[in-house]
Amino acid sequence: MMVLLLHRQSNALKNIPMKKSITFRERQVLQCLAEGLTSKETAKKLFLSQDTIKTYRSRLLIKLQAKNAFQLGMKCVNFEINLSNESEQLLKVV
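In my numbering, each residue carries its 1-based index in the sequence shown increased by 986.
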């Protein structure tokens, strides 16, 4: 079930109310979350520390009003957040 949700969220920030307040890096971290990467894997991919990744995830939890990483994924699905096109380009920059 989690794999399906992660797949759907990575293929679905059109209608999300907080879209404009999510930063470039937060979108990258959210994309990595959607891909199922751990904080350690995300840190390595984005050339950041694990503590920095945890900070970004914490900010996303607040901005998207989620209680945990799973709920972040659910918010992506519920708001039909499309990270695939935009964040793929963002991740290529890094």
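A virtual CB, placed ideally from N, CA and C, is assigned to each residue, including glycine.
Integer Cβ distance of Arg1045 from Glu1021, believed to fall under 8 Å: On the sequence shown, position 59 is the one that residue 1045 refers to. On the sequence shown, position 35 is the one that residue 1021 refers to. Contact doesn't hold; Cβ gap of about 19 Å is too wide.
Judging by CA-CA distance, which residue of Leu1016, Thr1009, Phe1010, Ser1007 is the nearest neighbour of Asn1054? The residue given as residue 1054 occupies position 68 in the sequence shown. The option with the nearest alpha carbon to Asn1054 is Leu1016.
Rounding to the nearest angstrom, what Cα-Cα distance links Leu1050 and Thr1038 in this structure? Taking the sequence shown and counting its residues from 1, one reaches residue 1050 at position 64. Taking the sequence shown and counting its residues from 1, one reaches residue 1038 at position 52. Approximately 18 Å, taken between the alpha carbons.
Counting only runs of 4+ residues fully inside the region 1013–1050, write out the alpha helix (DSSP H) ranges in chain order. When DSSP assignments are scanned along the region 1013–1050, the uninterrupted stretches of alpha helix (DSSP H) that are 4 or more residues long and fall wholly within it turn out to be 1025–1032, 1036–1049.
Go through its chain and collect everything with a Cβ distance to Ser1035's Cβ below 8 Å, but skip five positions before and after it. By 1-based counting over the sequence shown, the position of residue 1035 is 49. The answer, listed in chain order, is Ala1029.
Have a look at Gln1057 and Phe1033 and give me their C-alpha separation to the nearest angstrom. Within the sequence shown, the letter at position 71 stands for residue 1057. Within the sequence shown, the letter at position 47 stands for residue 1033. In this model, Gln1057 and Phe1033 are separated by some 25 Å (Cα to Cα).
By Cβ distance below 7 Å, which residues in the same chain neighbour Lys1026 in space, the five residues on each side in sequence not counted? Counted from its first residue, the sequence shown places residue 1026 at position 40. Excluding sequence neighbours, Lys1026 sits near Gln1036.
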